[in-house]
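Report on the following structure.
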Amino acid sequence: MFVRRKSVILFLLPGFLLLFCFHILPFISGIRYSVADGSVNMQFVGPKNYSALWQNEMFRLGLKNTLELSVLCAPLLWFFSLVLALGLHAVHPKGKAFRSFVLLPYLAPSSAMLLVWLLLFDNGGPVNRILMGLGFQQVLWLEGSALRLPIVLLFLWKNLGFCTIVFLAALQTVPEAYLEYAYLEGAGFFTRTFRVMLPQIIPTAFLVFIFAWINAFKVFQEAYIIAGAYPSRSIYTLQHYMNNQFARLDFQMVTAAAYSFAALVMVFFAVLFLMQKKAADQGG
Amino acid sequence: MRKSALFLLLFAVLTCFFVANSHAESYVLPLPKDESGWDENHQYYSKIYNYQMLCDGDTLHFLLIQSHYTVGSSLSDQSQYSATCYAINESGNLAECGSHCGDVFSDFPPYEHDLSIPLPFVFIHSPQNKTYFFTPNGQVMQWQPGAGPAWAPLVQLDFSGMDADQTFRNEAEHWMFECLIDGDTMYGAFKNAGDGFTIYAFNLKDGSRREVGYVGNVHEIIPAQAGKLLAICSPKTTGGLSYHFIDTENGVLEEFRLGLSTQCCSGLVYDRQGRWYYASREGDIRSISAEGEEVSVVPFPKPESSYGGGGTMALSMDGARAYLMVSNDRTQTYAFHVIDLTAAQQGADAAEVETLVFDGISQYISNSFDDLPAFSGFAADQEVTVQAKLQKTLKYAKAISQAFVMKNDSFDVLITHTNTLDFDNLYEKGYYVDLSDQEEIVAYFDHMYPVWKDECMRDGKIMAFPARVDDYTQFMYNTELFDELELTVPTTYSELFAALREWEDMGILEEYRLFDINGNQTRSYEHIFFKLMGDYICLCERDDRTPDLSDKEFLTTLEELDALRDMLDNHDAQNLTSTPLLIFSGYPTGLANQKYYESHGNYELMPLGYGSENREVLQCTLAVMIVNPYSENIELAKDYIAWIAQNPTPKAQHVVLDGKPEGMESEYSIETRLKWEAEVAEAEKALAEAEATGDEEQILAARNGYAAVYARKPETEWLVTPERSIQLYRVLPDAGVRSYTYSQLMDNGEKAISRYLAGETGAREMLQSLQDILWMMEAE
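First to last, the sequence lines map onto chains A and B. Here the first sequence stands for residues 929 to 1212, where the numbers follow this note's numbering. Here the second sequence stands for residues 169 to 948, where the numbers follow this note's numbering.
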């Protein structure tokens, strides 16, 4: 038993060391910057940076936009991937090829795909041409608040495949016998889906939801490539703020923003976890 | 089954890896070390002048040209150039294939203008597949395929009485910008005394000359058809290239433009079947017919340069294969491509491109700090190593932030531009070392141009030392033309715009070119816009107020400019040959500014200020040196900068002669320079007299005397000439510096600005976007 435990520790050690060096250590050491004045001497200033941060209009704007985009993107991603997974599951096994196909956008590099996206939503691009063909007015998709739509669509398009595959894998673990029993009992498609299948995949659904939220928080990449360091106010995210502060040597604000956001995210996920646990307890 | 699948997967991955790497090998070129500079006794100076590269089949030739100068020699006997040719084959092996010591050119030794004169050699390719090279004193030599240069001159060209500008001091020397040898005739384009180029034809048998014709800005000359040449000019306002068919008997016949090519091309090759090939900076070899039909033949990895227009290229072809040398200025490497052209022409999906990447030759590639080797003179004084690390990324601000946050101590002195960093923030955070305890630096600052001084100092502390000045867009006007035509010099933008309309109505613009940027055609509308915007923001920054782009006066001015858009651009595109009435000079053309001052003494800065108060601003940026506060050698780094301050290094000079404020005395002035030149002449005379006596002791003493005088040389010519500083000072008594805000706004508002310049949105919409960015920057 002792030898087995030792070997487990040995196997875990390299991974843990890497995790410690490249994640845990920087995370902890960064705290120092967030409570120092940012000068060469790094004078301790306590919560001053945090207080200045929360008073900063652009930080609040970035946080608000990040949360808004997350609230918009994550549930949509969760919902559409579930629907797609259910559809693919229903056409099983003929949907095998399509299953691989939906994963492609996830594998493609964002920067390359963004160029295609830019062309699609360009002022004279296909989307605007279709709109004009239907008698509507052109929309400047890549400017102002209209830019939110292409960004949300791009986010969905890119992440949908992966979430669908995760859902699909979970759906395939639901025992056929349950479904057959329900069918024999006269349950229709919707009853089988929502009363039989979904309760069985709640842990996976939670996982996908978390994954969708985490990715939604990182929607900055797309916004940055499309609109640069200072985009329209409607898509100025928290990472824009951090990125710009870093470029102007305000490390203390960068770290203060990062820890504030990390704290918020932790609280949010803790609440989600408790909700999931409660739902699972009630179900079980 | 599973094992087989894994095996297949592994095999596929390995195959992909080998295929991807089979045609790309990297070599470090074993070229000789650049040992430019003075010997320890200041008796001998040598400098790698420059290099030329030539694709000769599958061999790449480097011709390194070096100048040598022995102190005490007169210009005509002991100063000379040497050229050494190196051949590099496809395995990356290097062999020396000949060297040559050449005659003296008047610009050796390189104590004047050595940074601005062109190379003393140029390669010429003939349609008969022969290669020649040419020297400024009119010698033509032949390249022996596979063997290198034959140094004995083939012929001496007749340069007497040519209508050419005087690049060199000696009238018998001229620079040929583009040339072609076809059979026994050599066609050369020489910049004429006006603004265009004159093409001359020389007989290679006896060197005699006749005039062929005039063209605008020659980019390349190639044979078109029997009795005709094709002169290709640089891109103009409309984009694309213009072509001049030149009848070799009667001069210019016809001009037509090709709108498809968007960038300068390089290495034009004629296939003698009616098509030309060139390497486009877009990253493909293109073919053009005489009718202007242009097709892309084969792509190659796109070159990159720090100016965004692609690196330099050389192309040669032998029918079946194309040999292409492409420089990548960002990675500072050269790639030598061998391309299967036949496959490409037959429509193969992907023509084979073999690539050799040559790395490690950055010492031969010019960068933005050409003067760094000169700074290494510190090593001789202090016995320390000065090593320049060039930052390859253009994201200076982030790279520097990263260095400071990591307390990076691997560098001692940082060289950066003032407009890429928020200097106030840098000062607040203490990311600098105060240099005000160094007497030499303080003394240097005492003589410094006030604007630059303000940029480098905060609260009496010297946080940065200026290494170089880049002047931004400025207007200069032709004083002679203004006098002749009795024109009034505008002093505000509104006056300028009104004057432009008036000049057009008066017919002046039909006769004279309106704008010129450092000798090239340009988009004048854009340049006025950038100057207007920059001036306004600089003015705001100087007055410590946030720019308000919705300011009625500013908006009105911009709309006035909008109204002139068509007139400005059309005029600029059409008028090619007349003397420019106004010139824009600007970044990255500090050197070009200097050349303009030298060749066009009749241009003066226009006292054009923004706004009704008629206050002027100077847009410029400084490249400065900052001592890294985390360095382990802070004292040594400070000594180094102090050494630069007190020695005649080619740093930014701040000379004022006329109209200088009280206390701004400088040892660098025209008088100092003239005095030094007189001393040099005297020392030269003493040396000649000593040499005439034949007494070795006297000769040695005279040589030492000469060396001592030469070592006191006041370096005033680099970037900011005495004349230039005087000009700036005369007309800009209340100047402000190009601001960090302006730089950030331009970078971040790039999209809004480009849409506005392309005419997709109006001034108001663009200003709204920019104002939004300004607001965000302020709020952050």
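All C-beta atoms in this analysis are idealised placements derived from N, C-alpha and C, irrespective of residue type, glycine included.
B:Cys708 classed as buried or exposed, judged by whether at least 16 other C-beta atoms fall within 10 angstroms: buried
Neighbour list for B:Ala947 in chain A, Cβ cutoff strictly below 7 angstroms: Correct list: Glu985, Met986.
Cβ shell of B:Val323 (< 6 angstroms), same chain only, five flanking positions each side left out: Val308, Leu372, Gly375
Within chain B, partners of A:Tyr1169 - CB distance below 7 angstroms: Glu948
Proximity of A:Ile1194 and A:Leu981 at Cβ, strictly below 8 angstroms: Rather than Ile, the amino acid found at residue 1194 of chain A in this sequence is Met. Cβ distance not < 8 angstroms, so A:Met1194 and A:Leu981 don't count as in contact.
Cβ-Cβ separation, A:Gly966 to A:Phe1179 (assumed contact under 8 angstroms), whole Å: Correct: roughly 6 angstroms between the Cβ atoms.
Chain B contact for A:Arg933 (CB, 8 angstroms cutoff): no
Cβ of A:Asn993 within 8 angstroms of any chain B Cβ: no
Identity of the residues DSSP links to B:Tyr446 by a beta bridge: B:Arg454
For B:Tyr595, the nearest candidate out of B:Leu582, B:Gln570, B:Lys629, B:Asp577 (CA to CA): B:Lys629
DSSP state of B:Trp311 mapped onto helix, strand, coil: DSSP places B:Trp311 in strand when its eight states are reduced to three.
Exposed unless 16 or more other CB atoms sit within 10 angstroms - verdict on B:Asp734: exposed
Bounding residues of the alpha helix (DSSP H) (the contiguous stretch that carries B:Lys720): Start and end: 720-731.
The segment 577-595 of chain B: positions lying closer than 9 angstroms to chain A by Cβ: Leu589, Asp590, Asn593, Leu594
For A:Gly1156, the nearest candidate out of B:Glu928, B:Asp915, B:Ile921 (CA to CA): That would be B:Asp915, whose Cα lies nearest to the Cα of A:Gly1156.
A:Arg1176: contacting residues in chain B (beta-carbon distance under 7 angstroms): Asp590, Asn593
Residues within the segment 1144-1167 of chain A neighbouring chain B, beta-carbon criterion of under 8 angstroms: Ala1155, Gly1156, Ala1157, Tyr1158, Ser1160, Arg1161, Tyr1164
Rounded Cβ spacing between A:Met986 and B:Met944 (contact assumed at less than 8 angstroms): At roughly 6 angstroms, the Cβ-Cβ gap stays under 8 angstroms, so A:Met986 and B:Met944 are in contact.
Cutoff 6 angstroms; reference B:Met631; Cβ partners in own chain excluding five residues on either side: Tyr595, Tyr600
Per-residue DSSP class, three states only, for B:Ala332: coil
Nearest-angstrom Cα separation, counted from B:Tyr661 out to B:Asp737: 17 angstroms
Which of helix, strand or coil DSSP assigns to B:Gln939: helix
Chain A contact residues for B:Phe566, given Cβ-Cβ distances below 8 angstroms: In the sequence under discussion, the amino acid at residue 566 of chain B is Lys, which differs from the Phe named in the question. Result: Phe1174, Ala1175.
At least three beta-carbon pairs within less than 8 angstroms, the segment 1008-1015 of chain A to the segment 1090-1108 of chain A: Flag = yes, the segment 1008-1015 of chain A and the segment 1090-1108 of chain A touch.
Residue environment, A:His951, which counts as buried when at least 16 other CB atoms sit within 10 Å: exposed
Backbone CA spacing between B:Phe365 and B:Gln234 [nearest angstrom]: 29 angstroms
Residue-chain proximity (B:Tyr599, chain A), Cβ-Cβ < 8 angstroms: Chain A, which has a Cβ nearer than 8 angstroms to the Cβ of B:Tyr599, makes this yes.
DSSP state of B:Asn801 mapped onto helix, strand, coil: coil
Contact set between A:Gly966 and chain B, taken where Cβ atoms lie within less than 8 angstroms: Lys597
A:Leu1084 (DSSP reduced to helix, strand or coil): helix
Selection from B:Thr861, B:Ala851, B:Leu483, B:Glu264 that minimises the alpha carbon distance to B:Asn980: The question about residue 980 of chain B has no answer, for chain B in this structure spans 169 to 948.
From A:Gly1116, A:Ala1115, A:Ala1002, residue whose alpha carbon lies closest to that of A:Ile882: Chain A is shown from 929 up to 1212; residue 882 of chain A falls before or after that span and cannot be answered.
Neighbour flag for B:Lys919 against chain A, beta carbons, 8 angstroms: It does: the Cβ of B:Lys919 has a partner Cβ on chain A nearer than 8 angstroms.
Whole-angstrom distance between B:Phe683 and B:Asp415, CA atom to CA atom: C-alpha of B:Asp415 to C-alpha of B:Phe683: approximately 30 angstroms in a straight line.
Closest Cα partner of A:Ala1191 within the set A:Cys949, A:Phe955, A:Gly943, A:Leu1202: A:Phe955
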